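Participant:
In the working numbering, the protein residues as written are 303 to 957.
1) Tell me where the alpha helix (DSSP H) around residue 833 begins and ends.
2) Within the same chain, show all residues whose beta-carbon is closer than 8 angstroms to that of residue 684, passing over the 5 residues directly before and after it, in chain order.
3) Can you say whether residue 490 is buried or exposed, counting buried as having 16 or more other CB atoms within 10 angstroms of its CB?
4) Could you give the residue range of the alpha helix (DSSP H) that holds residue 577?
5) Checking 8 angstroms against the spacing of the C-beta atoms, do residue 790 and residue 746 come in under that value?
6) Nearest-angstrom Cα distance between residue 455 and residue 703?
7) Between which two residues does the beta strand (DSSP E) carrying residue 814 extend?
8) On the premise that residue 775 lies in contact with residue 822, defined as a C-beta separation below 8 angstroms, what is that separation, rounded to the nearest angstrom?
9) Beta carbon of residue 748, beta carbon of residue 730: below 8 angstroms?
10) Confirm, please, whether the CB-CB distance from residue 354 to residue 422 is below 8 angstroms.
11) Put residue 245 into one of helix, strand or coil per three-state DSSP.
12) If you pair each beta-carbon of the region 681–698 with each one of the region 626–644, do three or more pairs fall below 8 angstroms?
13) Can you round the beta-carbon distance between residue 366 and residue 554 to whole angstroms, since I take them to be within the 8 angstroms contact cut?
14) Assign residue 817 to buried or exposed, taking buried as 16 or more other Cβ atoms, counted over all protein chains shown, within 10 Å of its Cβ.
15) How close, in whole Å, do the beta carbons of residue 654 and residue 952 come, if the pair is a contact with beta carbons under 8 angstroms?
16) Does the beta-carbon distance from residue 814 to residue 778 come in below 8 angstroms?
17) Grab me the residues of residue 603's own chain with a C-beta within less than 7 angstroms of its C-beta, minus the 5 sequence neighbours each way, in chain order.
18) If you run the structure through DSSP and keep just helix, strand and coil, what is residue 341?
19) Taking 8 angstroms as the threshold (C-beta atoms), are residue 390 and residue 441 in contact?
20) Quick one: which unbroken beta strand (DSSP E) runs of 3-plus residues sit fully inside the region 430–458? Chain order, please.
21) Helix, strand or coil: which one does DSSP assign to residue 540?
22) How about residue 722 and residue 769: are their beta carbons less than 8 angstroms apart?
23) Give the DSSP-derived three-state secondary structure of residue 961 in the structure shown.
24) Do residue 492 and residue 529 have their CB atoms nearer than 8 angstroms?
25) Are residue 673 and residue 505 close, meaning C-beta to C-beta below 8 angstroms?
26) Who pairs with residue 363 in a beta bridge, going by DSSP?
27) In three-state DSSP terms, what is residue 757?
28) Using only alpha-carbon positions, find the residue among 606, 609, 552 and 547 that is nearest to residue 582.
29) Following the continuous beta strand (DSSP E) through residue 820, name the residue where it begins and the one where it ends.
30) So, residue 361 versus residue 432, is the Cβ gap smaller than 8 angstroms?
31) With distances taken Cα to Cα, identify the nearest neighbour of residue 412 among 681, 425 and 397.
32) Smallest Cα separation from residue 448: which of 571, 534 and 496?
33) Does DSSP classify residue 951 as helix, strand or coil?
34) Whole angstroms are fine: how far does the CA of residue 461 sit from the CA of residue 322?
35) Going by alpha carbons, who is nearest to residue 826 out of 842, 838 and 809?
36) If you run the structure through DSSP and keep just helix, strand and coil, what is residue 767?
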C-alpha cells in the first residue's frame with residue numbers, strides 16, 4: 303500500500319522530511335506571487351506499512367500484557383519503555399479529535415481533521431477503526447506501566463509537529479524526590495487502610511479514605527503555594543500514594559489470585575506494584591496486597607467509630623447556630639454511630655475463630671464478611687458527613703450578613719441600621735444585631751432606644767431606606783416572588799385591655815423577587831402569597847432564627863385605660879376625668895372596682911396552688927431523672943472500658 307513517496311521515508315518515523323506542517327489556505331482567499339505559500343505535502347502523514355504492522359500487532363496482544371503492547375521485554379526500564387511508547391504513538395497516531403478536548407482551538411481542530419483525512423486516505427473503514435483501537439490500547443498500556451503523564455499527553459495531543467519527533471528526552475527512571483523523613487515514617491500509619499484497600503480495590507469507600515490522605519499530603523507538599531491545576535484537576539505531588547497507577551494492578555491481582563494458569567500474569571502484576579511502591583518511597587510491606595492482617599479490619603472499624611464520636615462531640619460543643627437544627631443533627635449522627643458500633647461488633651465476631659488454627663479458606667471468607675460490614679460502616683459515615691455538611695451550610699447561611707441594595711449604618715456592638723419608618727412626630731428604625739447564639743436578628747425599635755444621633759445620621763444618608771408602603775402588592779406579584787430571607791422579631795409590648803383583643807404585629811420581612819429585594823410588611827406578604835403560604839414561609843425563617851412568628855407573639859403584660867378608646871388629646875383627658883376615682887395626673891390609674899376585678903378569686907387561688915404543686919412534682923421528677931441518667935452514663939462508661947479491654951485482648955491473639 304505504500305506509495306513511491308513513502309518508500310523513500312525513514313520507516314522508524316511517520317514523517318518523511320523535516321518540514322513543519324502549515325495550515326491550509328482558507329477557501330476564497332487570494333494570494334499574490336509574493337504571498338504564495340508552498341503546498342503542504344500531506345502524503346508523508348499516510349499510514350506506512352510499518353504503521354499497519356504495528357497496529358495489527360498491538361491489537362493481537364493480550365490487553366494485560368502491557369510491555370508486549372509497548373514493544374519492549376517485560377521489566378524494561380522506564381526510559382526505554384517511554385521511548386518505545388513515543389515512537390509507536392507517533393507512528394500510528396490517528397489524529398482523532400477527543401470529545402473532552404476543551405483546549406484545542408478551532409484552527410487546531412481543523413488542522414487535525416486535515417491530517418486525519420490524509421492519514422487514512424488509502425485506508426478502508428475497518429482499517430481506520432483498527433488504527434484507532436490500537437492507539438487507545440497503546441495509551442492505556444502506557445498508563446498501566448506508569449509512563450509519565452507528560453509524555454502520554456504529548457503523544458495523545460500531537461498535531462504532527464516535527465519538534466516532538468526529534469524530542470528524545472525522557473525523565474530519569476527514579477525522578478521522584480524522596481519525601482522528608484516525617485512523611486516517609488507517616489506512611490506506616492496508613493498501612494491498615496491501604497492494606498484493606500489493596501484487598502478490595504473495587505470498594506469506593508476504601509479508595510475515598512486514601513484520597514483524603516492524598517489531599518492532606520498534597521497540601522503539606524505545596525504549603526502556602528497555589529496547587530497547580532491541569533484540565534480542571536489538581537496536579538498530584540510526588541508525596542502522594544499513586545492510586546490511579548496501583549489500582550488496575552491490584553484489581554488484576556485480586557482477579558487472578560488462585561488461578562493456577564495465571565502465574566505469569568500474576569507475577570507481572572505483583573512486580574509492577576512493587577516497582578511503583580519503590581519509586582514512590584512507599585513501605586515495602588505494602589508490596590504483598592493479599593497479605594492483610596486481621597487486626598487491620600479492627601483498626602478501620604475503630605477509626606470509623608472514633609471519627610463519628612468526634613463529629614458528635616463537635617456538634618455538641620457548637621457555640622452558635624440553630625439549636626433545633628443542632629439537636630436534630632446530634633440525633634441523626636447518634637443513629638449512625640449506633641450503626642458503626644454494630645459494624646465494629648460484627649467485624650469482631652467474624653474475625654474471632656473458635657478454632658485457634660483456622661483454615662486459610664475460613665480466614666478468607668471471614669475477611670470477605672468483615673469487608674461487607676466495613677462497607678456498611680462507611681455508608682453510615684457518609685450519611686453522618688452529609689448531616690454535618692448540611693448543618694455547616696445552615697450555620698453559614700445564618701451567620702452570613704446579607705447585603706442590601708440601599709445604605710446601611712453600623713452602630714455600637716456590631717449592629718446596623720438598615721431602614722427607618724416615620725411614626726407620628728417620632729421614628730422607628732429597623733436594626734440588625736448578632737445575638738450571642740451567632741444568629742442575626744432584626745427588630746423594629748424606637749429611635750430613642752437606638753440613639754437619636756445615630757438615627758438622624760442614617761436618615762440624612764444618601765440611599766437611606768424609608769420603610770413605607772410605596773406600592774400596592776397583590777397576588778399578581780406571586781410569579782416574581784423567590785423567597786423570604788428573614789422576618790423581623792416582633793416587639794412585645796403592654797396590651798390595653800380596654801381596646802379588646804390584641805392584634806398581631808405587622809412586622810417587616812426581607813423578600814427577594816426576580817426584579818430585586820424589598821422590605822415588605824406581613825400584611826403585604828399575605829396579600830401576595832395568601833395567608834397559608836405567607837405564614838408557612840415566615841414560620842420557616844422564624845424557626846430557623848429561633849424567634850416566634852408574629853401572629854403567635856404574646857404581650858408582656860396588660861393595662862386598662864378606656865381613654866385610649868377615643869381620639870384627640872382633649873377628649874382623652876375628659877374621658878379619664880369621667881372615670882370614678884380618676885386623677886388627671888395619672889393616665890393609667892385603675893378604679894377601685896377595676897382593681898377589685900383584677901384581684902384573684904378563691905377559685906383562681908385554688909387553681910394556682912394546684913399548678914404550684916404540679917410544678918414541684920415536675921421538679922422532683924426531673925431531679926430523679928437526672929440521677930438515673932448519671933447512673934446510665936456510669937454503666938455506659940463501664941461497658942466502654944470493658945469493650946476496650948476486650949479489643950486489647952483480641953489484638954494480642956495471633957491471627
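The C-beta atom is built at its ideal place from N, Cα and C for all residues, glycine as well.
Keep in mind that this is a model prediction, so the values were computed, not measured.
Facilitator: In this structure, then:
1) Looking at the DSSP string, the run of the alpha helix (DSSP H) that includes residue 833 is 833–847.
2) Once the five neighbours on either side are set aside, the close Cβ partners of residue 684 are 507.
3) Burial call: exposed.
4) Here the alpha helix (DSSP H) through residue 577 covers 565–581.
5) The criterion of a C-beta distance shorter than 8 angstroms is satisfied by residue 790 and residue 746.
6) Here the alpha carbon of residue 455 sits roughly 46 angstroms from the alpha carbon of residue 703.
7) 810–815 is the span of the beta strand (DSSP E), which, as asked, contains residue 814.
8) Indeed they touch by this definition, with Cβ atoms about 7 angstroms apart.
9) Pairing residue 748 with residue 730 gives a Cβ-Cβ distance under 8 angstroms.
10) No, they are not a contact pair.
11) This structure does not reach residue 245, given that the chain is present from 303 up to 957, and the question cannot be answered.
12) Short answer: they touch.
13) With 8 angstroms as the limit, residue 366 and residue 554 qualify as a contact, their Cβ atoms being about 6 angstroms apart.
14) So residue 817 ends up on the exposed side.
15) Right, the Cβ-Cβ distance comes to about 7 angstroms (below 8 angstroms), so this counts as a contact.
16) No, these two residues do not count as a Cβ contact at 8 angstroms.
17) Result list for residue 603: 645, 646, 649, 676 and 679, in chain order.
18) Low local confidence applies: a pLDDT of 46 at residue 341 is under 50, so the model's placement there is unreliable, with the coordinate-based value given in what follows. In the structure shown, residue 341 sits in coil (DSSP, three-state: anything other than H, G, I, E or B).
19) No; because the gap between Cβ atoms is not below 8 angstroms, this pair is not in contact.
20) Given a length threshold of 3 residues, the region 430–458 has no whole run of the beta strand (DSSP E) inside it.
21) Here residue 540 sits in coil by DSSP.
22) Cβ atoms of residue 722 and residue 769: closer than 8 angstroms.
23) Missing from the structure shown is residue 961; the chain here goes from 303 to 957 and no further.
24) No, the Cβ-Cβ distance between residue 492 and residue 529 is not below 8 angstroms.
25) In this structure, residue 505 lies closer than 8 angstroms to residue 673 by Cβ.
26) None; residue 363 has no bridge partner.
27) Looking at residue 757 - three-state DSSP - the assignment turns out to be helix.
28) For residue 582, the nearest C-alpha among the options comes from 547.
29) Unbroken beta strand (DSSP E) run through residue 820: 818–823.
30) Less than 8 angstroms separates the beta-carbon of residue 361 from that of residue 432.
31) Out of 681, 425 and 397, 397 has the C-alpha closest to the C-alpha of residue 412.
32) Out of 571, 534 and 496, the CA that lies nearest to the CA of residue 448 is found in 571.
33) Looking at residue 951 - three-state DSSP - the assignment turns out to be helix.
34) Annotation note: pLDDT 37 at residue 322 (below 50); position unreliable, no value reported.
35) Closest by alpha carbon: 809.
36) Coil, per DSSP.
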